[in-house]
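*Asks:* Numbering (mature numbering (1 follows the signal peptide of the UniProt record, and there is no 0)), first residue to last: -22 to -1, 1 to 410.
For every residue, glycine included, the Cβ atom is placed at its ideal position computed from N, Cα and C.
My questions will all concern the structure given below.
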Ligand SMILES: *[C@@H]1O[C@H](CO)[C@@H](O)[C@H](O)[C@H]1NC(C)=O
């Protein structure tokens, strides 16, 4: 069976396409609407936190051996490969009509190890990924290997952050790591039960990996829910055959947020690897940042998401400047005009160039596939083949920074334009 794994994080692509006529597409918003980082809800009880702490002291235990709780330990033949421990399973959970089990491979990627809390059927999908099938894939792609581009440091009011240890340029790779832990996103388990399974999953990992996990920042700082707390503060999302998993990449957790980030992440679903690449030049000693929320959302939207999900007040330049939302409105109005192919359209290559300037002014170099795409279409519209091609190439490059497997609709537009020739594109000389 070919596993279909999709990461929700190649989603910052702005290539949402709307089919208008069979030959014409309009660029609109993001093609994979960037899903904001979600997290596990730790305290779901009506009267809040104290009651949960009481419940945590309750008698819920994970059976250590099949003899104590035979019903909870249900090995099946498929469960053997590629796991180094017998799975530990929950009872059947009503909302997903499946049990969830802890699957661990302690020798995964040169003994880094991985623990996955998921359904037996999804575990089989994981096992069929190149990440498990081909043990050479990590070494040959320099994954889980220090890149010597960064070091962590305590920063005033920002906790630990990652600083460039040398000057970096566009597309430089900063990190490439596999997760230590993945957990199916469910709401059936109570906080206390979930904590026990997650703790058992992490404790099965090799010592070094486990210690990295346990040393990460938390939001609540409550020891009894520590394993969920770490995930709450640091997780990314990986989708496997439609099943949403929270994924904890220990090294990658050190990137702080900025609404004008100088780096961008991408999750390769086949390699199960989280990559971070540079989107504009970074000086030695400068902090390397990524966005935890879509930088194209309005300021209040970004602020409330960061407050609710990550418990911090966003104070980056684009959260405090009053001009950010005005610029975003201008961006939207240019994009509407550039999408107008009627005879009265005011769109022009100059307008597309101005749009590109606005993205750069806002520090959105990692999100430029849409403005590059508009520039390609605007130049094609006036019959400038060379410029259209130049910007189609840039749009393609920008798409690939967010699309590890090259499957987005947006990417297909630019590849089509480049392969078939600008003169064959529907936009060619449409505005002459
Ligand atoms: C653990 O994963 C690796 C891939 O990194 C694989 O080669 C190995 O066979 C797996 N271990 C077991 C016991 O299946």
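Extract the residue ranges of the alpha helix (DSSP H) inside the segment 271 to 339, only unbroken runs of 4 or more that lie entirely within it.
*Replies:* Fully enclosed alpha helix (DSSP H) runs of 4 or longer: 277 to 288, 295 to 298, 301 to 316 and 327 to 339.
*Asks:* DSSP three-state label for residue 176, please.
*Replies:* Start at 1 with the first residue of the chain shown, and residue 176 comes out as number 198. Helix, per DSSP.
*Asks:* Check this for me: beta carbons of residue 323 and residue 315, under 8 Å apart or not?
*Replies:* As a position in the chain shown, residue 323 is number 345, starting the count at 1. As a position in the chain shown, residue 315 is number 337, starting the count at 1. Against a cut-off of 8 Å, the Cβ pair of residue 315 and residue 323 comes out as a contact.
*Asks:* Along the alpha helix (DSSP H) that carries residue 187, what are the first and last residues, could you check?
*Replies:* Stepping through the chain shown from its first residue, residue 187 is reached at position 209. From DSSP, the alpha helix (DSSP H) with residue 187 extends over 185 to 192.
*Asks:* Within the structure, which residues are defined as neighbours of ligand 1 by a Cβ-heavy atom distance below 6 Å, reported in chain order?
*Replies:* Ordered along the chain, the selected set is 59, 60, 62, 83, 85, 86, 87, 110 and 113.
*Asks:* Is the CB-CB distance between residue 94 and residue 110 below 8 Å?
*Replies:* Taking the chain shown and counting its residues from 1, one reaches residue 94 at position 116. Taking the chain shown and counting its residues from 1, one reaches residue 110 at position 132. It is not a contact, given that the beta carbons lie outside the stated cut-off.
*Asks:* Report the rounded CA-to-CA distance for residue 319 versus residue 137, giving the unit in angstroms.
*Replies:* Mapped onto the chain shown, residue 319 falls at position 341. Mapped onto the chain shown, residue 137 falls at position 159. Between residue 319 and residue 137, the C-alpha separation is close to 49 Å.
*Asks:* Have a look at residue 261 and residue 144 and give me their C-alpha separation to the nearest angstrom.
*Replies:* Within the chain shown, the letter at position 283 stands for residue 261. Within the chain shown, the letter at position 166 stands for residue 144. Going from the Cα of residue 261 to the Cα of residue 144 covers about 7 Å.
*Asks:* Under DSSP, the alpha helix (DSSP H) around residue 395 begins and ends at which residues?
*Replies:* The residue given as residue 395 occupies position 417 in the chain shown. Its alpha helix (DSSP H) spans residues 387 to 398.
*Asks:* Going by C-alpha to C-alpha distance, which of 142, 278 and 243 sits closest to residue 269?
*Replies:* Looking up residue 269 in the chain shown gives position 291. Of the listed residues, the one whose Cα sits closest to residue 269 is 243.
*Asks:* Within its chain, find whatever has a CB closer than 7 Å to the CB of residue 369; leave out the 5 residues flanking it on each side and keep chain order.
*Replies:* One-based indexing of the chain shown puts residue 369 at position 391. Taken in chain order, the residues that qualify are 350, 353, 354 and 357.
*Asks:* According to DSSP, is residue 342 helix, strand or coil?
*Replies:* The residue given as residue 342 occupies position 364 in the chain shown. Coil at residue 342, not helix or strand.
*Asks:* Roughly how many whole angstroms lie between the Cα atoms of residue 296 and residue 266?
*Replies:* As a working note, residue 296 is residue 318 in the chain shown. As a working note, residue 266 is residue 288 in the chain shown. Going by the C-alpha atoms only, they are around 16 Å apart.
*Asks:* Determine the DSSP secondary structure at residue 151, reduced to helix, strand or coil.
*Replies:* Numbered from its first residue, the chain shown carries residue 151 at position 173. Strand at residue 151.
*Asks:* Cβ atoms of residue 360 and residue 410: under 8 Å apart, would you say?
*Replies:* Taking the first residue of the chain shown as position 1, residue 410 is located at position 432. Taking the first residue of the chain shown as position 1, residue 360 is located at position 382. It is a contact, given that the beta carbons lie within the stated cut-off.
*Asks:* Rounded to whole angstroms, what is the Cα-Cα separation between residue 76 and residue 69?
*Replies:* For the purposes of this step, residue 76 is identified with residue 98 of the chain shown, where counting begins at 1. For the purposes of this step, residue 69 is identified with residue 91 of the chain shown, where counting begins at 1. Spanning the two alpha carbons is a distance of roughly 8 Å.
*Asks:* Ignore the nearest five residues each way along the sequence and tell me which others in residue 198's own chain have a CB closer than 6 Å to its CB.
*Replies:* Position 220 of the chain shown, counting from 1, holds the residue named residue 198. Excluding sequence neighbours, residue 198 sits near 207.
*Asks:* Quick check on the DSSP output: what are the complete beta strand (DSSP E) runs of length 3 or more inside the segment 190 to 271, in order along the chain?
*Replies:* 214 to 218, 221 to 226, 241 to 246 and 251 to 256, all fully within the segment 190 to 271.
*Asks:* In the DSSP assignment, what are the bridge partners of residue 61?
*Replies:* As a first step, residue 61 is located in the chain shown; it is residue number 83 there, counting from the start. Per DSSP, none; premise fails for residue 61.
*Asks:* Would you kindly check if the distance between the Cβ of residue 155 and the Cβ of residue 289 is under 8 Å?
*Replies:* Position 311 of the chain shown, counted from the start, is the residue given in the question as residue 289. Position 177 of the chain shown, counted from the start, is the residue given in the question as residue 155. In this structure, residue 155 does not lie closer than 8 Å to residue 289 by Cβ.
*Asks:* Assign residue 93 to one of three DSSP states: helix, strand, or coil.
*Replies:* For the purposes of this step, residue 93 is taken as the residue at position 115 of the chain shown. Of the three classes helix, strand and coil, the one that applies to residue 93 here is strand, per DSSP.
*Asks:* Helix, strand or coil for residue 361? Go by DSSP, reduced to three states.
*Replies:* Numbered from its first residue, the chain shown carries residue 361 at position 383. Reduced to three states, the DSSP call for residue 361 is coil.
*Asks:* Using only CA atoms, which one of 72, 211, 272 and 281 lies nearest to residue 344?
*Replies:* Within the chain shown, numbered from 1, the residue matching residue 344 stands at position 366. Nearest C-alpha to residue 344: 272.
*Asks:* Skipping 5 residues on each side, what residues in its chain have a beta carbon closer than 6 Å to that of residue 365?
*Replies:* Residue 365 sits at position 387 when you count from the first residue of the chain shown. Once the five neighbours on either side are set aside, the close Cβ partners of residue 365 are 357.
*Asks:* What number of angstroms, rounded off, separates the C-alpha of residue 250 from the C-alpha of residue 213?
*Replies:* Here the question's residue 250 lines up with position 272 in the chain shown. Here the question's residue 213 lines up with position 235 in the chain shown. Rounded to the nearest angstrom, the two C-alpha atoms are 14 Å apart.
*Asks:* State yes or no: is the C-beta of residue 191 within less than 8 Å of the C-beta of residue 80?
*Replies:* Working through the chain shown from its first residue, we reach residue 191 at position 213. Working through the chain shown from its first residue, we reach residue 80 at position 102. No, they are not a contact pair.
*Asks:* May I ask which residues mark the beginning and end of the alpha helix (DSSP H) holding residue 141?
*Replies:* If you number the chain shown from 1, residue 141 lands on position 163. Unbroken run through residue 141 is the beta strand (DSSP E), 137 to 142; no alpha helix (DSSP H).
*Asks:* Please list, in chain order, all residues of the same chain as residue 236 whose beta carbon is under 6 Å from its beta carbon, the five residues on each side excluded.
*Replies:* Position 258 of the chain shown, counting from 1, holds the residue named residue 236. Taken in chain order, the residues that qualify are 267 and 294.
*Asks:* What's the call for residue 72, buried or exposed, on a 16-neighbour Cβ count within 10 Å?
*Replies:* For this step, residue 72 is matched to residue 94 along the chain shown. Classification of residue 72: exposed, given that the 10 Å Cβ count is below 16.
*Asks:* Determine the burial state of residue -1: buried for a count of at least 16 other Cβ atoms within 10 Å of its Cβ, exposed for fewer.
*Replies:* The count along the chain shown starts at 1 and reaches residue -1 at position 22. Low confidence applies to residue -1: its pLDDT is 32, below 50, so where it sits in the model is not reliable enough to give any reading.
*Asks:* Measure how close the beta-carbons of residue 130 and residue 232 come, nearest whole angstrom, since I'm counting them as under 8 Å.
*Replies:* Here residue 130 is taken as the residue at index 152 of the chain shown, counted from 1. Here residue 232 is taken as the residue at index 254 of the chain shown, counted from 1. The Cβ separation is near 5 Å, so the contact holds.
*Asks:* Looking at the structure shown, is residue 160 part of a helix, part of a strand, or coil, going by DSSP?
*Replies:* Counting from 1 along the chain shown, the entry for residue 160 is found at position 182. Correct three-state label for residue 160: strand.
*Asks:* Nearest-angstrom Cα distance between residue 201 and residue 122?
*Replies:* Counting from one through the chain shown, the residue named residue 201 turns up at place 223. Counting from one through the chain shown, the residue named residue 122 turns up at place 144. Looking at the two C-alpha atoms, the distance is approximately 29 Å.
*Asks:* Under a three-way DSSP split, which group does residue 100 fall into?
*Replies:* Reading the chain shown from its first residue, position 122 is the one you call residue 100. Helix.
*Asks:* Can you list, in chain order, the residues of its chain whose CB lies under 8 Å from that of residue 96, leaving out five sequence neighbours each side?
*Replies:* Taking the chain shown and counting its residues from 1, one reaches residue 96 at position 118. Closer than 8 Å at Cβ, skipping near neighbours: 78, 79, 81, 104, 160, 161, 162, 218, 221 and 223.
*Asks:* Alpha carbon to alpha carbon, how far is residue 302 from residue 247? Give it in angstroms, no decimals.
*Replies:* In the chain shown, counting from the first residue as 1, residue 247 sits at position 269. In the chain shown, counting from the first residue as 1, residue 302 sits at position 324. Taking the straight line joining both Cα atoms gives about 34 Å.
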